[in-house]
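First comes the structure, then the notes that go with it.
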Amino acid sequence: MRGGDDGCARFTNHSPAQVALFAYDNDSFIIESYLPSETDVRISVVGSATKSRNIVTGVILTGPPGNLGGRGRRGGRDGGGGEPRMAFNAHRPPHS
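In this text, residue positions in the sequence shown follow this note's numbering: the first is -17, and each later residue adds one.
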């Protein structure tokens, strides 16, 4: 998957246990599921990204309108302050 257009996006994995997020410094990331069943995953990106593209399949993921609010590195859990963040949902097959 590839992140947004803002250079050095920061990614966060909001997925079940045994789903890994590997983030790279070229603004790309990999979602790896070690689960024996299908699962839905949610990845959030700090910055102005509005879409994410699966570079293997070409599928474009778009986030919901607006953003998740200030939940960036300095924002804390209450949503106040911090950088804007966009979430992307994806479905992963078993062991993928």
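Every residue, glycine too, gets a C-beta built ideally from N, C-alpha and C. Note that this is a predicted model, so its numbers are computed, not measured.
If you follow the beta strand (DSSP E) that residue i is in, where does it begin and where does it stop?
i, result
"Glu14", "Phe11 to Ser15"
"Val41", "Premise fails: Val41 is in no beta strand (DSSP E) and is neither H nor E."
"Asn71", "Arg67 to Arg74"
Mind checking residue i: buried by the 16 CB within 10 Å criterion, or exposed?
i, result
"Ile25", "buried"
"Val28", "buried"
"Ala2", "exposed"
Checking 7 Å against the spacing of the C-beta atoms, do residue i and residue j come in under that value?
i, j, result
"Val23", "Arg67", "no"
"Phe(-7)", "Phe11", "yes"
"Ser15", "Ser78", "yes"
Using a Cβ-Cβ cutoff of less than 8 Å, which residues in the same chain neighbour residue i once the five nearest sequence positions on both sides are dropped?
i, result
"Ser19", "Pro76"
In whole angstroms, what is the alpha-carbon distance linking residue i and residue j?
i, j, result
"Ala31", "Val41", "16 Å"
"Tyr6", "Ile13", "12 Å"
Cutting at 6 Å between CB atoms, please list the residues of its own chain near residue i, excluding the five before and the five after it.
i, result
"Gly(-11)", "Only weak support is given to the placement of Gly(-11): the predicted model assigns it a pLDDT of 44, under 50, and the value that follows is read from those uncertain coordinates. No residues qualify anywhere along the chain."
"Phe70", "Ile25, Ser34, Leu43 and Gly45"
"Gln0", "Tyr16 and Leu17"
Near residue i, which residues of its chain fall below 7 Å by C-beta distance, leaving aside the five closest residues on each side in sequence?
i, result
"Val38", "none"
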